[in-house]
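As given, the protein sequences belong to chains A and B, one line each in that order. No gaps in the numbering here: position 154 of the first sequence is 154 in this note's numbering, and each next residue is one more. No gaps in the numbering here: position 194 of the second sequence is 595 in this note's numbering, and each next residue is one more.
Number of protein chains: 2
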Amino acid sequence: MVRGDWLAAPPGLAAVPGGSATTPAGFAAGASACGLKASGALDVGLLRSVPRAVSAMVDTASALPAAPVLHNRGLDRAALQAVVVNAGIANAATGAAGLEDAHAMAAAAASALGLAAGDVAVSSTGVIGDRFDIGRVRAGIAAAAGVLGPGGGPSFAEAIRTTDRWAKSGAFRIPLGDAVVTLGAAAKGGGMISPRMATMLAYVTTDAAVAAGDLAALTGEAAAVSFNRATVDGQMSPSDTLIVLGNGSGPALRGAALETFRSALRAVCRWLAVQMVKDGEGAEHAMRVVVRGARDGEEADVVARAVGNSPLVKTAAFGRDPNWGRVIQAVGQALAGRGGPGADVAIRFDGRSADDPEVAEVLARPEYDLEVVLGRGAGEAELWASDLGHGYVSLNADYRT
Amino acid sequence: MVRGDWLAAPPGLAAVPGGSATTPAGFAAGASACGLKASGALDVGLLRSVPRAVSAMVDTASALPAAPVLHNRGLDRAALQAVVVNAGIANAATGAAGLEDAHAMAAAAASALGLAAGDVAVSSTGVIGDRFDIGRVRAGIAAAAGVLGPGGGPSFAEAIRTTDRWAKSGAFRIPLGDAVVTLGAAAKGGGMISPRMATMLAYVTTDAAVAAGDLAALTGEAAAVSFNRATVDGQMSPSDTLIVLGNGSGPALRGAALETFRSALRAVCRWLAVQMVKDGEGAEHAMRVVVRGARDGEEADVVARAVGNSPLVKTAAFGRDPNWGRVIQAVGQALAGRGGPGADVAIRFDGRSADDPEVAEVLARPEYDLEVVLGRGAGEAELWASDLGHGYVSLNADYRT
């Protein structure tokens with residue numbers, strides 16, 4: 001069983017049935033199949049704001065970003081109006097020619113949508129190192145624009161999938177006194193994209209009227225507590241991108257309303273990030289690694305990442321083994337050079353110790369908390385992590401054989 | 402096919418047929434089965450120098466070292482005369498009671514060998530968190546001492562195995578003008594030990610007469626270019642220990658002879674480290690990751706570790722996929738915050754590029770070089786790494802199910 005409570009609507013947010021990135025007023029999307037996916041499935045998506053929007057963007061820290069990321073960095077990241085995405089080929093490690101392809105995708109989308117080229121952000125996900133046939137992609141963009149509409153959100157979310165087991169799409173309403181703000185979302189990732197590269201792509205739309213500076217700050221914050229706190233295999237993609245578009249079709253946000261929106265944006269980004277972990281390749285269990293009692297937050301983060309990325313911890317989770325010794329090993333490695341823990345390390349699985357007879361039931365759950373308490377201070381951190389099983393190896397090793 | 406050229410004797414060293422840690426003059430070993438291994442195989446080993454030896458020791462950087470490591474740190478690491486090892490239970494994360502057990506193992510071995518307790522180093526490998534029956538281990542130590550002799554090296558190497566597919570044991574002769582120095586070696590590791598924890602244990606013996614200060618320096622250097630440049634799963638054990646004993650039964654080493662010995666010690670440690678990588682759990686291929694053209698050696702090391710520990714690179718190696726895109730991804734992640742590569746990154750598999758029709762033959766080899774050339778400077782590093790396949794997942798996840 002893959003799904004579980006962690007995929008439910010975040011507390012305080014009302015899920016819109018069938019909601020998507022185009023549920024907020026003033027957004028439209030479309031998708032088409034241009035042949036980049038061998039299956040013939042949708043592989044080109046367009047998402048735009050109809051009224052003029054403000055935007056914010058966070059992208060990969062990789063020193064070798066993909067061509068679309070380089071394209072987007074040349075734009076005014078507060079003035080984006082649309083995104084064009086293809087799945088199947090990542091347009092990464094493609095050099096100057098790949099950058100020209102990214103520019104050409106933006107130009108084709110802008111032309112089809114009646115926007116300036118500088119208004120359009122680009123994402124590509126799939127095989128690294130290959131180039132696509134730009135003519136085919138241009139035709140796909142024209143076809144997607146031809147079906148563009150306010151009902152296009154779900155097909156946009158379908159188009160950006162690669163090995164995702166399910167499309168990640170939704171919308172939520174936030175009451176703000178007399179007004180209501182709507183947030184829409186689409187994302188892909190959590191595993192290999194094509195079977196060659198993990199990519200996280202996420203798009204959040206809202207009808208709220210938010211100042212560009214506020215949106216940039218809130219988006220950075222939201223990424224820090226969501227996508228940057230999720231791991232499948234600890235591997236950073238050259239394509240990772242989060243774009244938030246706010247078009248002001250709804251209420252203006254200031255003061256307390258802005259604070260409520262801030263919490264909602266964090267919650268929606270976290271909801272997407274947790275989906276990626278739940279959809280990690282071959283993953284059968286998702287863990288929320290919670291570290292407490294570190295000297296400070298930075299140390300807690302180092303420990304949480306060591307535990308959540310440890311292949312020994314992750315294979316134990318796959319095998320439903322309450323193997324606290326491996327957690328201890330990862331903690332010891334993380335604290336190397338920082339001195340010993342200074343107290344016993346407590347390890348609990350949804351509150352149960354490894355020798356609790358009930359722990360077997362916890363480890364059979366599709367999702368649980370793995371809590372590590374160090375007793376060195378007040379530092380805390382959390383990290384969502386998938387397990388590591390045969391499915392991961394098969395997806396990443398066997399596809400050519 | 403697991404074996405290959407990398408397990409052949411290092412260049413310039415003559416392998417002694419059937420050689421072991423007791424091949425150098427003045428060493429004796431013994432082993433017994435006390436029941437810690439469910440199979441009933443040998444699980445307690447003793448190795449000693451008969452003439453008074455000098456010694457050197459390098460151990461884990463883990464912030465949570467196992468009890469035997471804590472015991473050994475209380476000794477004069479230049480004055481060790483013997484080691485006592487058990488396999489099956491690691492005596493790690495066992496607290497004060499475990500430390501008492503480690504002291505008791507040393508005391509029992511010292512008593513049986515007629516040494517002072519402070520002369521005896523202790524190692525334990527196996528399950529973390531469990532305690533053993535010290536009475537049973539004491540009986541095993543007495544039994545091992547009863548069969549102690551100059552022919553005991555191979556059984557010592559057997560006794561320290563856990564999930565190792567083969568015992569790691571050998572001896573080499575080094576001509577030094579008119580004299581000959583002999584180096585013997587035993588090691589375990591490269592995978593899970595018990596199926597719970599990777600542990601690297603290595604013991605090198607020599608009849609050379611080396612000053613204690615020289616031996617300490619040479620041992621540290623040798624560990625840095627061998628065990629510290631090998632990875633199976635990137636996980637540091639709380640038990641990792643290297644001990645070198647030199648008993649002066651053979652020639653004294655100074656000047657050029659000391660330099661020759663230095664090279665030989667590095668070569669023997671590398672020979673052991675490469676065996677651990679070749680014997681990584683489920684490993685079918687071993688790679689020597691060679692990074693050139695980094696800004697400096699530190700940067701080259703960061704890149705080599707990112708590549709050699711990447712689950713995407715390792716599963717591709719398992720699948721015999723020349724997936725240079727995943728190598729690029731790991732390089733981009735490693736260089737995050739350090740600026741882009743500043744030149745194209747070249748990736749070669751035993752000298753062949755990913756699009757070379759012959760590369761499939763390279764990737765079928767049990768061992769090959771994965772070369773990454775950055776073009777940013779003159780920094781170089783190398784790292785031996787295993788692949789990641791279903792065998793790793795099975796060994797680490799399936800044993801309870």
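Ideal Cβ positions, reconstructed from N, Cα and C, are used throughout, including at glycine.
**Study point:** Own chain residues within Cβ distance below 8 Å of B/T802, not counting five before or after
**Key:** The residue you call residue 802 of chain B lines up with position 401 of the second sequence. A caution first: B/T802 carries a pLDDT of 40, below 50, which makes its placement in the model too unreliable to give a value.
Check your understanding: Within 10 angstroms of its Cβ, does B/A779 collect 16 or more other Cβ (buried), or is it exposed?
Key -> For this step, residue 779 of chain B is matched to residue 378 along the second sequence. Exposed, since its Cβ has fewer than 16 Cβ neighbours within 10 Å.
Check your understanding: Using the C-alpha atoms, what's the distance from B/L619 back to B/S664?
Key -> Translated into the one-based positions of the second sequence, residue 664 of chain B becomes position 263. Translated into the one-based positions of the second sequence, residue 619 of chain B becomes position 218. One C-alpha to the other measures close to 9 Å.
Check your understanding: What is the C-beta distance between A/A286 and A/W384, in whole angstroms, given that I count them as a contact (C-beta under 8 Å)?
Key -> Translated into positions along the first sequence, residue 286 of chain A becomes position 286. Translated into positions along the first sequence, residue 384 of chain A becomes position 384. That pair is a contact at about 6 Å.
Practice item. Using a Cβ cut-off of 7 Å, pull out every chain A residue sitting near B/M677, in sequence order please. Key: Locating residue 677 of chain B in the second sequence gives position 276, counting from the first residue. The premise fails here: B/M677 is roughly 16 Å from chain A at the closest Cβ pair, so nothing lies under 7 Å.
Exercise for review: Check the Cβ of A/N396 against every Cβ in chain B and list those closer than 8 Å, keeping chain order.
Suggested key: What you label residue 396 of chain A is simply residue 396 of the first sequence in a count that begins at 1. P712, L713, T716, A717, G720, listed in chain order.
Check your understanding: Pick from A/T315, A/V225, A/W271: whose alpha carbon is nearest that of B/D634?
Key -> Numbered from its first residue, the second sequence carries residue 634 of chain B at position 233. B/D634 has its Cα closest to that of A/T315, out of A/T315, A/V225, A/W271.
Practice item. At 7 Å on the CB atoms, spell out the chain A contacts of B/S463, in chain order. Key: If you number the second sequence from 1, residue 463 of chain B lands on position 62. Neighbours of B/S463 across chain A, judged by C-beta separation under 7 Å: G332, Q333, A336.
Check your understanding: At a CB-CB cut-off below 8 Å, which residues of chain A make contact with B/M637?
Key -> If you number the second sequence from 1, residue 637 of chain B lands on position 236. Per Cβ cutoff of 8 Å: Q329, G332, Q333, A336.
Exercise for review: Have a look at the DSSP bridge pairing and note the partners of A/V393.
Suggested key: For the purposes of this step, residue 393 of chain A is taken as the residue at position 393 of the first sequence. When DSSP reads this structure, A/V393 sits in no beta bridge, so it has no partner.
Practice item. Just the C-alpha distance for B/F557 and B/A510, rounded to the nearest angstrom, thanks. Key: To locate residue 557 of chain B, count along the second sequence from 1; it is residue 156. To locate residue 510 of chain B, count along the second sequence from 1; it is residue 109. The straight-line gap from Cα to Cα measures roughly 14 Å.
Practice item. Kindly list the residues whose CB is nearer than 7 Å to the CB of A/R295, restricted to its own chain and excluding five residues on each side of it in sequence; keep chain order. Key: Counted from its first residue, the first sequence places residue 295 of chain A at position 295. These residues qualify, in order along the chain: R376, G377, G379.
Practice item. Whole angstroms is fine: what's the gap from B/A610's alpha carbon to B/L549's? Key: If you number the second sequence from 1, residue 610 of chain B lands on position 209. If you number the second sequence from 1, residue 549 of chain B lands on position 148. Near 23 Å, if we compare the C-alpha coordinates of B/L549 and B/A610.
Review point. Who pairs with A/K37 in a beta bridge, going by DSSP?
Key: In the first sequence, residue 37 of chain A corresponds to position 37, counting from 1. A/K37 is not bridged to any residue.
Exercise for review: Indicate whether at least one CB of chain A lies closer than 8 Å to the CB of B/H791.
Suggested key: Position 390 of the second sequence, counting from 1, holds the residue named residue 791 of chain B. Closer than 8 Å: yes.
Practice item. Enumerate in chain order the residues of its own chain whose CB-to-CB distance from A/I243 is below 7 Å, with the five nearest sequence positions on each side excluded. Key: Locating residue 243 of chain A in the first sequence gives position 243, where the first residue counts as 1. Correct list, in chain order: S55, M57, L80, V83, A121, Y203.
Point to revise | Residues near B/L465 in its chain [Cβ-Cβ closer than 8 Å; skip 5 each side] | key: Counted from its first residue, the second sequence places residue 465 of chain B at position 64. Same-chain partners within the cutoff: A493, A494, P639.
Review point. Bridge partners of A/T23, per DSSP?
Key: Looking up residue 23 of chain A in the first sequence gives position 23. Paired residue(s): none; A/T23 is not in a bridge.
**Study point:** Residues that B/W725 contacts on chain A, provided the C-beta gap is smaller than 9 Å
**Key:** Within the second sequence, the letter at position 324 stands for residue 725 of chain B. By Cβ distance, chain A contributes A93, I128, G129.
Review point. Going along the chain, which unbroken runs of the beta strand (DSSP E) with 3 or more residues stay wholly within the stretch 341-395 of chain A?
Key: 346-349, 367-373, 379-386
Review point. Closer than 8 Å, CB to CB, is B/D641 near chain A or not?
Key: Residue mapping note: residue 641 of chain B aligns to position 240 of the second sequence, counting from 1. B/D641 does not count as touching chain A.
Exercise for review: Using three-state DSSP, classify B/D697 as helix, strand or coil.
Suggested key: Here residue 697 of chain B refers to the residue found at position 296 of the second sequence. Coil, per DSSP.
Check your understanding: What residues of chain A sit near B/V692, judged by a beta carbon separation below 8 Å?
Key -> Locating residue 692 of chain B in the second sequence gives position 291, where the first residue counts as 1. Correct list: empty, because the minimum Cβ distance to chain A is about 14 Å.
Exercise for review: Identify, in the order they occur along the chain, each residue of the same chain with its Cβ nearer than 7 Å to the Cβ of B/D788, setting aside the five sequence neighbours on each side.
Suggested key: Counting from one through the second sequence, the residue named residue 788 of chain B turns up at place 387. The answer, listed in chain order, is A684, E685, H686, K715, A718, F719.
Exercise for review: Rank B/G738, B/A735, B/L713 by C-alpha distance to the C-alpha of B/G726 and give the top, closest one.
Suggested key: For this step, residue 726 of chain B is matched to residue 325 along the second sequence. Checking every option, the nearest Cα to that of B/G726 belongs to B/L713.
Practice item. Over the uninterrupted beta strand (DSSP E) stretch that includes A/G126, give me the two end residues. Key: In the first sequence, residue 126 of chain A corresponds to position 126, counting from 1. 120-127 is the extent of the beta strand (DSSP E) around A/G126.
Check your understanding: Can you give the Cα-Cα distance for B/V691 and B/V626, rounded to whole angstroms?
Key -> Numbered from its first residue, the second sequence carries residue 691 of chain B at position 290. Numbered from its first residue, the second sequence carries residue 626 of chain B at position 225. If you take the alpha carbons of B/V691 and B/V626, they lie about 13 Å apart.
Exercise for review: Mark A/D240 as exposed unless 16 or more other C-beta atoms lie within 10 angstroms of its C-beta, in which case mark it buried.
Suggested key: Sequence index remark: in the first sequence, residue 240 of chain A carries index 240 (1-based). With 16 or more other Cβ atoms within 10 Å, it is buried.
Check your understanding: What whole-angstrom Cβ distance do A/L13 and A/I174 have, given they're in contact under 8 Å?
Key -> In the first sequence, the residue the question calls residue 13 of chain A occupies position 13. In the first sequence, the residue the question calls residue 174 of chain A occupies position 174. The Cβ separation is near 6 Å, so the contact holds.
**Study point:** Close beta carbons around A/S32, own chain, < 6 Å, minus the five adjacent residues each side
**Key:** On the first sequence, residue 32 of chain A is found 32 positions in, with the first residue counted as 1. These residues qualify, in order along the chain: V44, G140, A143, A144.
Review point. For A/P68, does the count of other Cβ atoms within 10 angstroms reach 16, so buried, or fall short, so exposed?
Key: As a working mapping, residue 68 of chain A is identified with position 68 in the first sequence. Result: buried.
Point to revise | Within the stretch 618-704 of chain B, ranges of the alpha helix (DSSP H) (whole runs, at least 4 residues) | key: Here the runs fully enclosed are 656-679.
**Study point:** Supposed contact pair B/G427 and B/D608 - C-beta distance, whole angstroms, cut 8 Å
**Key:** Residue mapping note: residue 608 of chain B aligns to position 207 of the second sequence, counting from 1. Residue mapping note: residue 427 of chain B aligns to position 26 of the second sequence, counting from 1. Distance from B/D608 to B/G427 at the Cβ level is roughly 6 Å; contact confirmed, criterion being Cβ atoms closer than 8 Å.
Check your understanding: If you draw a straight line from the alpha carbon of B/E783 to that of B/S711, how long is it in whole angstroms?
Key -> If you number the second sequence from 1, residue 783 of chain B lands on position 382. If you number the second sequence from 1, residue 711 of chain B lands on position 310. Taken atom to atom, the span from the alpha-carbon of B/E783 to that of B/S711 is near 15 Å.
Check your understanding: Looking at A/L183 and A/L265, is the spacing between their C-beta atoms short of 8 Å?
Key -> Within the first sequence, the letter at position 265 stands for residue 265 of chain A. Within the first sequence, the letter at position 183 stands for residue 183 of chain A. Result yes, Cβ atoms of A/L265 and A/L183 sit closer than 8 Å.
Exercise for review: Could you check the C-alpha separation between A/D119 and A/L75 for me, to the nearest Å?
Suggested key: Numbered from 1 along the first sequence, position 119 holds the residue referred to as residue 119 of chain A. Numbered from 1 along the first sequence, position 75 holds the residue referred to as residue 75 of chain A. One C-alpha to the other measures close to 8 Å.
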